[in-house]
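Asks: Top to bottom, those sequences are chains P and G. Per my numbering: the first sequence = residues 6 to 530. Per my numbering: the second sequence = residues 18 to 155. Glycine residues also receive a C-beta, built at the ideal position from the N, C-alpha and C atoms. Let me give you the structure first, and then I'll get to my questions.
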Amino acid sequence: MKITQLALLTALMCGSALAVQGPSQTDLNNADSATDSWLMSNKGYMGQRYSPLSQINASNVANLKRVCTFDTGDDGSFQVTPQIYRGVAFVSAGNRSYAIDATTCKVLWKNVYKSTGPEVLNTTRGFAIADGVLYRGTGDSHLIAIDAGTGKTLWDKKVNDSSSGYFTSSAPVAWNGMIFIGEAGADWGVKAKMYAYDAKTGTQKWNFDMIPTGDQAGADSWEKADSTATGGGSMWTSYTMDVDKGLIYVSVGNPAPDFASQYRPGANLYTDSVVVLDAATGKLSHYYQQIPNDNKDYDTAAAPVLYDIDGTKHIAVATKAGYLFGYNESDKTQTFKVATIKVMNQEKNPTAAGLPICPNYSAGTQWSGPAFKPGANMLVVNTVDWCGTVKLGEVRLIKGQLFFGGAMQLNPASEAIGNTIGYDGATGKELWRYKSPGVRIVGGVTTTGGNLVFSGDADGNMYALDSSNGKVLFKSNIDKAPIGGGVSTYTVGGKQYVAVAAGNTSKGLNGVKNVTSRVAIFTLP
Amino acid sequence: MKVLPSLLTALLFSTTLIAHAATTAPAPASYLKAPFTKAQAAAGAKTYKASCAMCHGDKLNNGGAPKLAGDAFLKKWASNTLDDFHYIMSTTMPQTAPGSLKPEQYLAITTYILQVNGVKPGKTEFKAADLKKYNFKK
């Protein structure tokens, strides 16, 4: 009580900025089931993207009305889910971070990061929030801490050298005074690591090599030791945790050079894998590799989801190769592997003449992973059916440039089919499928206690499906802004709201005629 | 057993490297001296407008994608030959259909980029063999 009053008083005195005290570790531990917040990019540590809220439900969602829009005025990539704490929505877009009122879209503060090194890509997937501080990565591979109440930068640490292709696009995760983040940049020939930093000081606590060398376990999966220097293995999106066991689940992307696998014979651990680390020490617990010696840029990019079935913990992860994998965490076995879309020629090697393949590297499941609906034991995943041709080419490393060893051509975008699919979380059996021919679906999926599945497509349509059968119950176009971010839902003053991040899904795929990135907030009238 | 073929490739590979080093041409000259014709740059400009401008901007430095003209661009590429630049451009661009243009189109775009970066056209055409002869140093 005292703290809130003090904060209010400070806010009144300063005119606007509200001193933010939390969320505490207890708040973070409860984030998966919270209804008044959306604390992490995938809501909580388990990454289920599920809100128990049911004010907005299958019977009234058709009445949803947009109450406000916050336009960032910029058309860069926008791949965040609005993160909500105490009635404030936090969003990041490129070098900018914003706090906006989660019911009126009024801007409370804006933080602009100034890069000191070259920006590889300034894609950002959001924040970690803890104890009044936001943490995020940057296009020049830094980790920065921002005061959640004022937007002032508190500290700024360089993680790695962006002139060699390193950057930090993922939304970090905060736990017990530590901030976890890894590097992206495999396609530029980096050798990626996962890190833990001290939340207060920004001092590095541990790091873990995703490309093992020397006497590290897994080093023998690189038969040519030299090829590890540019081995790749990006961390693109965010992280999942089992806080009971203190484990962090890390999705690791493709090996490099992307298409020239003969340059790096072996299974290439820990690329295209989910790596499970002891969060306190950074030591390897176990891992699951989805593709050994990948040569099609088929990252395991989106974070896995952790869920419980009959008292046993499971994880599911969806990949760019268009597969959904299930694993049983008690005996560490694979429970299912299902193709979510058409798959073709994945087992064949790229050729100089060109090998037609499905999907292409911009399809399958990209940066948004499966959501889970407890009770129904249902996974819901977005995936794009879209083919292409992969060509083997010269391997030439030019510092800071793409290191492909070939090229991938995409079939016409009009052939892409977006999908939102419900699966049984125990067996991987398909339950229903919503399809959008000609329109990609790459945004985040959200499930709710109101029997709804929220998501959005690349034509700017936000939609709500009936989670029991995938039927469309509501659709609203967000000013033609392609939806590459996610939907969050939360209450403010006891009333349920829905916020969606819509904007350019990816610098590469949309060209310049983009609608600027925006957050749209909805509620029932 | 599995390691053998790769060792062999490595050996072969290093021999080629040595052979290559032995026959390397003189150090590359400044891009400012690269020859190309007005017609080549004009053809490059046309292809650029159709296939690249939507991302890199009509002035080559005003789209969302990396700048292809100006001081920052020249500094970034200073230690590379035009061949390195051409290799990246022709194998990764345009982004949705890398390598889909004809070889002469990629060459023409290269000359257009040189022109926008202040190089004057002349009477001699720019040829593929010229790529390795010039770098991005002033």
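Does the Cβ of residue 288 (chain P) have 16 or more other Cβ atoms within 10 Å, making it buried, or fewer, making it exposed?
Replies: Locating residue 288 (chain P) in the first sequence gives position 283, counting from the first residue. The residue is exposed, with fewer than 16 neighbouring Cβ atoms inside 10 Å.
Asks: Rounded to the nearest angstrom, what separates residue 526 (chain P) and residue 105 (chain P) at their Cα positions?
Replies: One-based indexing of the first sequence puts residue 526 (chain P) at position 521. One-based indexing of the first sequence puts residue 105 (chain P) at position 100. Each residue's alpha carbon lies about 11 Å from the other.
Asks: So which residues on chain P does residue 52 (chain G) lean against when the C-beta distance must stay under 7 Å?
Replies: Here residue 52 (chain G) refers to the residue found at position 35 of the second sequence. Within 7 Å Cβ-Cβ: nothing; residue 52 (chain G) doesn't reach chain P, min ~24 Å.
Asks: Rounded to a whole number of angstroms, what is the C-alpha to C-alpha distance between residue 407 (chain P) and residue 454 (chain P)?
Replies: As a position in the first sequence, residue 407 (chain P) is number 402, starting the count at 1. As a position in the first sequence, residue 454 (chain P) is number 449, starting the count at 1. Rounded to the nearest angstrom, the two C-alpha atoms are 44 Å apart.
Asks: Is it right to say residue 438 (chain P) is buried, meaning 16 or more other beta carbons lie within 10 angstroms of its own, or is it exposed?
Replies: Here residue 438 (chain P) refers to the residue found at position 433 of the first sequence. With fewer than 16 Cβ atoms within 10 Å of its Cβ, residue 438 (chain P) is classed as exposed.
Asks: Closest to residue 136 (chain P) by CA distance: which of P:33, P:75, P:113 is it?
Replies: Locating residue 136 (chain P) in the first sequence gives position 131, where the first residue counts as 1. The candidate whose alpha carbon is nearest that of residue 136 (chain P) is P:33.
Asks: Taking Cβ-Cβ distances below 7 Å as the criterion, which residues of the region 55 to 89 of chain G are in contact with chain P?
Replies: Result list: 71, 72, 80, 81, 82.
Asks: Starting from residue 508 (chain P), trace the beta strand (DSSP E) in both directions and tell me its first and last residue.
Replies: Stepping through the first sequence from its first residue, residue 508 (chain P) is reached at position 503. Premise fails: residue 508 (chain P) is in no beta strand (DSSP E) and is neither H nor E.
Asks: Which chain G residues are close to residue 123 (chain P), counting only those with a beta carbon under 8 Å from its beta carbon?
Replies: Against the first sequence, residue 123 (chain P) aligns to sequence position 118. Chain G residues near residue 123 (chain P): 93.
Asks: Which whole-angstrom value describes the C-beta separation of residue 240 (chain P) and residue 189 (chain P), a residue pair presumed to lie in contact below a C-beta threshold of 8 Å?
Replies: If you number the first sequence from 1, residue 240 (chain P) lands on position 235. If you number the first sequence from 1, residue 189 (chain P) lands on position 184. Between residue 189 (chain P) and residue 240 (chain P) the Cβ distance is about 6 Å, and since that is below 8 Å, they are a contact.
Asks: Could you spell out the range, first to last residue, of the beta strand (DSSP E) harbouring residue 577 (chain P)?
Replies: Chain P is shown from 6 up to 530; residue 577 (chain P) falls before or after that span and cannot be answered.
Asks: Which chain P residues sit within Cβ distance under 7 Å of residue 126 (chain G)?
Replies: If you number the second sequence from 1, residue 126 (chain G) lands on position 109. By Cβ distance, chain P contributes nothing, its closest Cβ being about 16 Å from residue 126 (chain G), past 7 Å.
Asks: Under a Cβ-count criterion, where at least 16 other Cβ atoms within 10 Å of its own Cβ denotes burial, should residue 275 (chain P) be classed as buried or exposed?
Replies: Here residue 275 (chain P) corresponds to residue number 270 of the first sequence, with the count starting at 1. The residue is buried, with at least 16 neighbouring Cβ atoms inside 10 Å.
Asks: Using 8 Å as the threshold, is the region 266 to 286 of chain P in touch with the region 412 to 429 of chain P, meaning 3 or more CB pairs across them?
Replies: Contact fails: fewer than three Cβ-Cβ distances are below 8 Å.
Asks: Taking C-beta pairs closer than 9 Å, name the residues in chain P that residue 46 (chain G) reaches, listed in chain order.
Replies: If you number the second sequence from 1, residue 46 (chain G) lands on position 29. Result: empty, since nearest Cβ-Cβ is about 19 Å, beyond 9 Å.
Asks: Hey, is the region 354 to 364 of chain P in contact with the region 300 to 311 of chain P, meaning 3+ C-beta pairs nearer than 8 Å?
Replies: The region 354 to 364 of chain P is in contact with the region 300 to 311 of chain P.
Asks: Could you pull out every residue in the same chain whose Cβ sits closer than 6 Å to the Cβ of residue 49 (chain P), ignoring the five residues on either side in sequence?
Replies: Position 44 of the first sequence, counted from the first residue, corresponds to residue 49 (chain P). Once the five neighbours on either side are set aside, the close Cβ partners of residue 49 (chain P) are 36, 37.
Asks: Under the DSSP definition of a beta bridge, which residues are partnered with residue 127 (chain G)?
Replies: The residue given as residue 127 (chain G) occupies position 110 in the second sequence. None; residue 127 (chain G) has no bridge partner.
Asks: If you scan the region 319 to 347 of chain P from start to end, which runs of the beta strand (DSSP E) of 3 or more residues do you find wholly inside it?
Replies: Listed in chain order, the complete beta strand (DSSP E) runs (minimum 3 residues) inside the region 319 to 347 of chain P are 328 to 333, 338 to 344.
Asks: Tell me, please, which residues DSSP counts as bridged to residue 95 (chain P).
Replies: By one-based count along the first sequence, residue 95 (chain P) stands at place 90. The partner list for residue 95 (chain P) (beta bridge, DSSP) reads P:88, P:104.
Asks: Taking Cβ-Cβ distances shorter than 8 Å, what residues in chain G pair up with residue 403 (chain P)?
Replies: To locate residue 403 (chain P), count along the first sequence from 1; it is residue 398. In chain order: 97, 101, 104, 105.
Asks: For residue 5 (chain P), does the three-state DSSP call read helix, strand or coil?
Replies: Nothing about residue 5 (chain P) can be read from this structure; chain P reaches only from 6 to 530.
Asks: Is it buried or exposed, residue 250 (chain P), if we count other Cβ atoms within 10 angstroms and call 16 or more buried?
Replies: Within the first sequence, residue 250 (chain P) is the residue found at index 245, counting from 1. Residue 250 (chain P) is exposed by the Cβ-count criterion.
Asks: May I have a chain-ordered list of the beta strand (DSSP E) segments no shorter than 3 residues that lie completely inside the region 431 to 468 of chain P?
Replies: Entirely contained in the region 431 to 468 of chain P, the beta strand (DSSP E) runs reaching 3 residues are, in chain order, 435 to 442, 451 to 453, 457 to 461.
Asks: Starting from residue 412 (chain P) and walking both ways along the beta strand (DSSP E), at which residues does that stretch end?
Replies: As a first step, residue 412 (chain P) must be located in the first sequence, where it is residue number 407. Taken as a continuous stretch (DSSP letters only), the beta strand (DSSP E) holding residue 412 (chain P) covers 411 to 415.
Asks: Would you kindly check if the distance between the Cβ of residue 84 (chain P) and the Cβ of residue 54 (chain P) is under 8 Å?
Replies: Working through the first sequence from its first residue, we reach residue 54 (chain P) at position 49. Working through the first sequence from its first residue, we reach residue 84 (chain P) at position 79. Result no, Cβ atoms of residue 54 (chain P) and residue 84 (chain P) do not sit closer than 8 Å.
Asks: Pull up the distance between the alpha-carbon of residue 447 (chain P) and that of residue 143 (chain P), whole angstroms please.
Replies: What you label residue 447 (chain P) is simply residue 442 of the first sequence in a count that begins at 1. What you label residue 143 (chain P) is simply residue 138 of the first sequence in a count that begins at 1. If I take the Cα positions, the gap works out to 22 Å.
Asks: Per DSSP, which residues does residue 73 (chain G) bridge with? Please list them.
Replies: Within the second sequence, numbered from 1, the residue matching residue 73 (chain G) stands at position 56. Paired residue(s): none; residue 73 (chain G) is not in a bridge.
Asks: Tell me the DSSP bridge mates of residue 401 (chain P)?
Replies: For the purposes of this step, residue 401 (chain P) is taken as the residue at position 396 of the first sequence. Partner(s): none; residue 401 (chain P) has no beta bridge.
Asks: My parser needs the alpha helix (DSSP H) runs of 4 or more residues fully inside the region 25 to 58 of chain P; what are they?
Replies: DSSP runs (the alpha helix (DSSP H)) wholly in the region 25 to 58 of chain P: 30 to 34.
Asks: Secondary structure at residue 104 (chain G), three-state DSSP: helix, strand or coil?
Replies: As a working note, residue 104 (chain G) is residue 87 in the second sequence. The answer is helix: DSSP assigns residue 104 (chain G) an H, G or I state.
Asks: Does the beta carbon of residue 36 (chain P) fall short of 7 Å from some heavy atom of the ligand COA?
Replies: Ligands in the displayed structure: none, and consequently the ligand COA is not present.
Asks: Counting only runs of 3+ residues fully inside the region 106 to 188 of chain P, write out the beta strand (DSSP E) ranges in chain order.
Replies: Listed in chain order, the complete beta strand (DSSP E) runs (minimum 3 residues) inside the region 106 to 188 of chain P are 112 to 117, 133 to 135, 138 to 142, 147 to 152, 158 to 163, 178 to 180, 183 to 187.
Asks: Using 8 Å as the cut-off, can you tell me whether the region 375 to 383 of chain P makes contact with the region 347 to 357 of chain P, which would need three or more C-beta pairs spanning the two stretches below that distance?
Replies: No, the region 375 to 383 of chain P is not in contact with the region 347 to 357 of chain P.
Asks: Could you pull the start and end residues of the beta strand (DSSP E) that residue 245 (chain P) belongs to?
Replies: Counting from one through the first sequence, the residue named residue 245 (chain P) turns up at place 240. Element bounds for residue 245 (chain P): 245 to 247.
Asks: Are there 16 or more other CB atoms within 10 angstroms of the CB of residue 291 (chain P), so buried, or fewer, so exposed?
Replies: Numbered from 1 along the first sequence, position 286 holds the residue referred to as residue 291 (chain P). Exposed, because fewer than 16 other Cβ atoms sit within 10 Å of the Cβ of residue 291 (chain P).
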